[in-house]
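Protein chains: 2
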Amino acid sequence: MEGLDTTQLRTLAAVVGEGSFEGAARVLHVTPSAVSQRIRALEEVVGQVLVRRSRPCQATDAGQPLLRLAVQLTLLEREAVAEARGVVDGAAGPTRVPVVVNADSLATWFVPALARVPADLAVCFDVRQDDQDHTAELLRDGAVLAAVTAQREPVQGCRVRPLGAMRYRALAAPALVARWFPDGLAVEALARAPVLVFDRKDRVQHRFLRAVTGRELDPPVHHVPSVPAFSEAIRCGLAWGLVPERLAEPDLADGSCLDLDPGRHVDVPLYWQHWRLESRLLDALTDAVRAEAAVALR
Amino acid sequence: MEGLDTTQLRTLAAVVGEGSFEGAARVLHVTPSAVSQRIRALEEVVGQVLVRRSRPCQATDAGQPLLRLAVQLTLLEREAVAEARGVVDGAAGPTRVPVVVNADSLATWFVPALARVPADLAVCFDVRQDDQDHTAELLRDGAVLAAVTAQREPVQGCRVRPLGAMRYRALAAPALVARWFPDGLAVEALARAPVLVFDRKDRVQHRFLRAVTGRELDPPVHHVPSVPAFSEAIRCGLAWGLVPERLAEPDLADGSCLDLDPGRHVDVPLYWQHWRLESRLLDALTDAVRAEAAVALR
Chain A
1 MEGLDTTQLR TLAAVVGEGS FEGAARVLHV TPSAVSQRIR ALEEVVGQVL VRRSRPCQAT
61 DAGQPLLRLA VQLTLLEREA VAEARGVVDG AAGPTRVPVV VNADSLATWF VPALARVPAD
121 LAVCFDVRQD DQDHTAELLR DGAVLAAVTA QREPVQGCRV RPLGAMRYRA LAAPALVARW
181 FPDGLAVEAL ARAPVLVFDR KDRVQHRFLR AVTGRELDPP VHHVPSVPAF SEAIRCGLAW
241 GLVPERLAEP DLADGSCLDL DPGRHVDVPL YWQHWRLESR LLDALTDAVR AEAAVALR
Chain B
1 MEGLDTTQLR TLAAVVGEGS FEGAARVLHV TPSAVSQRIR ALEEVVGQVL VRRSRPCQAT
61 DAGQPLLRLA VQLTLLEREA VAEARGVVDG AAGPTRVPVV VNADSLATWF VPALARVPAD
121 LAVCFDVRQD DQDHTAELLR DGAVLAAVTA QREPVQGCRV RPLGAMRYRA LAAPALVARW
181 FPDGLAVEAL ARAPVLVFDR KDRVQHRFLR AVTGRELDPP VHHVPSVPAF SEAIRCGLAW
241 GLVPERLAEP DLADGSCLDL DPGRHVDVPL YWQHWRLESR LLDALTDAVR AEAAVALR
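Chains A and B are the protein sequences, given in the same order.
Here the first sequence is numbered in the UniProt record's numbering, starting from 1 and rising by one per residue.
Here the second sequence is numbered in the UniProt record's numbering, starting from 1 and rising by one per residue.
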């Protein structure tokens with residue numbers, strides 16, 4: 001078999017990265033029909049359908065190893081060119097670095113970590129957000145280079161480093177406590193009081209309920225998939241919910257929320273998983289993430 | 001044709017609402033195979049595939065009208081039962097109300113609107129987040145009852161009410177201004193300075209660039225899909241970006257950010273679109289949303 005065409009591989013990465021043939025055409029400065037032709041040509045060489053033409057476009061099972069190869073090539077190529085030219089990396093234009101992070105990390109410590117990456121590396125961060133129990137899937141798909149994840153076992157081809165735990169406390173507005181929990185966390189009350197859940201993937205509240213009651217309860221649930229809206233909904237008394245301790249502190253301090261069970265917390269251990277690559281940029285990002293996590297997590 | 005089975009319709013709504021057959025089985029307290037049987041039975045009656053078995057499961061084109069019917073039936077049925085029993089609505093268990101909201105509204109004024117809905121209506125809010133230019137799609141699909149959207153033309157079967165405009169200002173950290181814009185917003189600098197974009201659907205920054213320069217520029221982009229992380233990335237000097245004025249105020253007041261172009265802003269008019277239904281609950285939610293928007297938007 002001949003070697004693969006790097007332009008076609010880069011086009012594959014752009015289609016999946018942007019989610020559509022039109023988006024890929026825009027970032028590559030070519031026509032959508034040129035994008036189609038390149039993908040079809042690559043699919044003919046490999047003899048497999050590589051892109052699922054859905055909205056957004058996704059790599060098929062056959063497309064995933066090629067997508068990983070494409071993202072890796074782009075990164076390594078840029079660094080090699082920059083080194084050959086004897087200039088800082090940015091001279092070749094910024095490098096896109098796709099990563100996925102859980103919502104609470106992104107809302108608290110992750111951006112300061114990005115800010116620690118030296119500016120001369122000329123990176124464009126392409127951050128995605130997903131539940132920590134699901135971020136490893138995007139790593140497996142080849143869609144991202146690195147992930148903040150709750151998964152401890154390395155994804156194939158990846159390296160794992162522990163970051164520490166994010167600690168959650170159960171918060172509720174004083175009025176909600178007075179209405180539902182005047183006598184503390186009775187099982188009966190926990191089974192009926194409304195609880196706030198981030199989205200359909202979020203299991204943290206149910207983990208807390210299991211820890212407190214030893215049972216699987218099924219209380220009424222509000223879904224509010226936004227970190228600031230989640231805290232606001234608790235302050236408004238809509239429901240109780242688990243909040244990272246760093247975000248809980250001001251609401252506890254000014255009395256707008258109470259700690260439902262002051263002795264108890266839920267710790268979610270987080271890991272940094274990234275592809276095994278000899279890349280100055282990935283090394284710098286890993287150093288930055290570990291340094292910031294060491295300050296922000298337990 | 002016989003009438004449709006309401007249990008099967010409710011099962012369809014649960015599969016699409018939860019995104020999977022397993023999730024639907026959990027909320028309906030039946031086995032996944034019972035869920036499969038009901039969906040297959042409904043598909044046989046209608047003679048069409050109604051659910052795309054993807055992750056998450058979605059309604060097919062044929063499934064969309066049935067999904068809308070199912071969600072409407074659930075809502076109307078609960079209200080009729082409550083009225084017949086002469087009790088407040090909550091006695092029949094809380095009613096799930098699926099809505100979709102743009103990220104900046106959700107992070108600022110939307111939760112206080114939800115808190116205005118009378119508690120005796122016993123609602124469980126199922127909030128989704130999407131770009132204001134795309135929220136109307138979920139309304140069209142039948143996945144939500146109501147949406148905060150930038151789309152002014154009514155979706156079929158929906159009613160539209162203007163909410164006012166969300167005003168954005170262009171913010172940057174003082175260090176970023178000093179590096180890229182020492183002489184103001186030159187086209188050359190705007191073409192090269194890094195810009196922050198929420199996600200692939202967000203066009204607000206590019207609208208600002210077009211308004212300032214009259215041209216389509218293509219500067220380096222960081223994607224950061226989280227409202228608090230977006231503001232933090234601007235404060236850290238990673239890039240400039242557009243921020244809702246209400247979130248911009250504290251950063252401008254304490255000097256952590258500067259207004260890139262103090263005379264200029266981007267206004268995004270928002271609308272509340274909801275299905276045409278005789279529902280006390282939907283009326284109460286609409287009143288609450290309009291009242292809060294009147295205070296929070298322009």
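Glycine included, every Cβ here is placed at the ideal spot set by N, Cα and C.
Which residues in the same chain as residue i place their Cβ atom closer than 6 angstroms to its Cβ, once the five residues preceding and following it in sequence are excluded?
i	result
ASP89/A	Only weak support exists for where ASP89/A lies, its pLDDT of 49 falling under 50; the value from the coordinates is given anyway. Contacts found: ALA82, LEU121, ALA122.
GLU22/A	PRO32
LEU171/B	ILE234, VAL243, ALA248, CYS257
LEU114/A	PHE125
GLN151/A	ALA136
PHE181/B	ALA189
LEU28/A	ALA14
ASP133/A	ALA150
ASP110/A	First, the amino acid is wrong: residue 110/A is Phe here, not Asp. Once the five neighbours on either side are set aside, the close Cβ partners of PHE110/A are VAL101.
SER200/A	One point to set straight first is that residue 200/A is Arg, not Ser, in the sequence displayed. Excluding positions up to five away in sequence, the list is empty.
Here's the rule: buried if 16 or more other CB atoms are within 10 angstroms of the residue's CB, otherwise exposed. What is residue i?
i	result
GLY3/B	exposed
ASP131/A	buried
PRO174/A	exposed
GLN8/B	buried
GLN129/A	buried
HIS223/A	buried
ASP202/A	buried
SER226/B	buried
ALA294/B	exposed
GLY184/A	exposed
VAL97/B	buried
GLY17/A	buried
GLY241/A	buried
SER231/B	buried
PHE198/B	buried
ALA253/A	exposed
THR6/A	exposed
PRO228/B	buried
GLU292/A	buried
SER279/A	buried
ALA178/B	exposed
GLN48/B	exposed
ALA80/B	exposed
Might you give, ordered along the chain, the residues of its own chain that have their beta carbon closer than 8 angstroms to the beta carbon of residue i, omitting 5 neighbours on each side?
i	result
GLU153/B	VAL160
ASP218/A	ALA191
THR286/A	ALA146, ARG161, TRP272, HIS274
ILE39/B	GLN8, THR11, LEU12, VAL15, PHE21, LEU50, VAL51
ASP259/A	ARG169, ALA170, LEU171, ALA248, LEU252
THR76/A	It should be pointed out that residue 76/A corresponds to Leu in this sequence rather than to Thr. Taken in chain order, the residues that qualify are LEU277, GLU278, SER279.
Let me see if you follow: with CB-CB separation under 9 angstroms, is residue i close to chain D or not?
i	result
GLU18/B	As a matter of chain content, chain D is missing from the structure shown, whose protein chains are A and B.
Please return the same chain residues whose Cβ sits closer than 7 angstroms to the Cβ of residue i, not counting the five positions on each side in sequence.
i	result
ASP141/A	ALA59, GLN64
THR213/B	VAL187, LEU190
ALA24/A	THR11, ALA14, VAL15, GLU18, VAL35
Just to check my reading of the structure: residue i and residue j have Cβ atoms closer than 8 angstroms, yes? What is that Cβ distance to the nearest angstrom?
i	j	result
LEU297/A	ALA165/A	6 angstroms
ARG167/B	ASP267/B	5 angstroms
ARG246/B	THR149/B	Rounded, the Cβ-Cβ distance is 20 angstroms, inconsistent with contact.
ARG210/A	GLU216/A	7 angstroms
ARG264/A	LEU163/A	So it is not a contact: roughly 23 angstroms between Cβ atoms.
ARG26/A	ALA288/A	That pair is no contact at about 30 angstroms.
VAL221/A	VAL195/A	6 angstroms
> Of the residues that make up the segment 123-152 of chain B, which ones have a beta carbon closer than 8 angstroms to any beta carbon in chain A?
Replying inline: CYS124, PHE125, ASP126, VAL127, ARG128, GLN129
>> Any contact between the segment 269-280 of chain A and the segment 156-163 of chain A? By contact I mean 3 or more CB pairs, one from each, below 8 angstroms.
In response: yes
> Using 8 angstroms as the threshold, is the segment 54-72 of chain A in touch with the segment 229-248 of chain A, meaning 3 or more CB pairs across them?
Replying inline: no
> Any contact of the segment 111-120 of chain B with the segment 184-200 of chain B, i.e. 3+ C-beta pairs under 8 angstroms?
Replying inline: Contact fails: fewer than three Cβ-Cβ distances are below 8 angstroms.
> Using a Cβ cut-off of 8 angstroms, which residues of the segment 226-245 of chain B contact any Cβ in chain A, in chain order?
Replying inline: Going along the segment 226-245 of chain B in chain order, one finds SER226, VAL227, PRO228, ALA229, GLU232, ALA233, CYS236, GLY237, LEU238 with a Cβ nearer than 8 angstroms to chain A.
>> Residues of the segment 191-219 of chain B in Cβ contact with chain A at a cutoff of 9 angstroms, in chain order, please.
In response: PRO194, ASP199, ARG200, ASP218
> Taking a cut of 7 angstroms between CB atoms, which residues from the UniProt domain "HTH lysR-type" (4-60) of chain B lie near chain A?
Replying inline: GLU18, GLY19, GLY23
>> Below 8 angstroms, how does it come out for the segment 42-53 of chain A and the segment 98-112 of chain A: are there three or more Cβ pairs, yes or no?
In response: no
>> Give me the subset of the segment 110-121 of chain B whose CB atoms are less than 8 angstroms from a CB atom of chain A, sorted by chain position.
In response: PHE110, VAL111, PRO112, LEU114, ALA115
> Along the segment 254-283 of chain B, what residues have a CB closer than 9 angstroms to any CB found in chain A?
Replying inline: Those would be none; no residue qualifies.
>> Please identify, using Cβ separations under 8 angstroms, the residues of the segment 169-180 of chain A that lie next to chain B, in order along the chain.
In response: none
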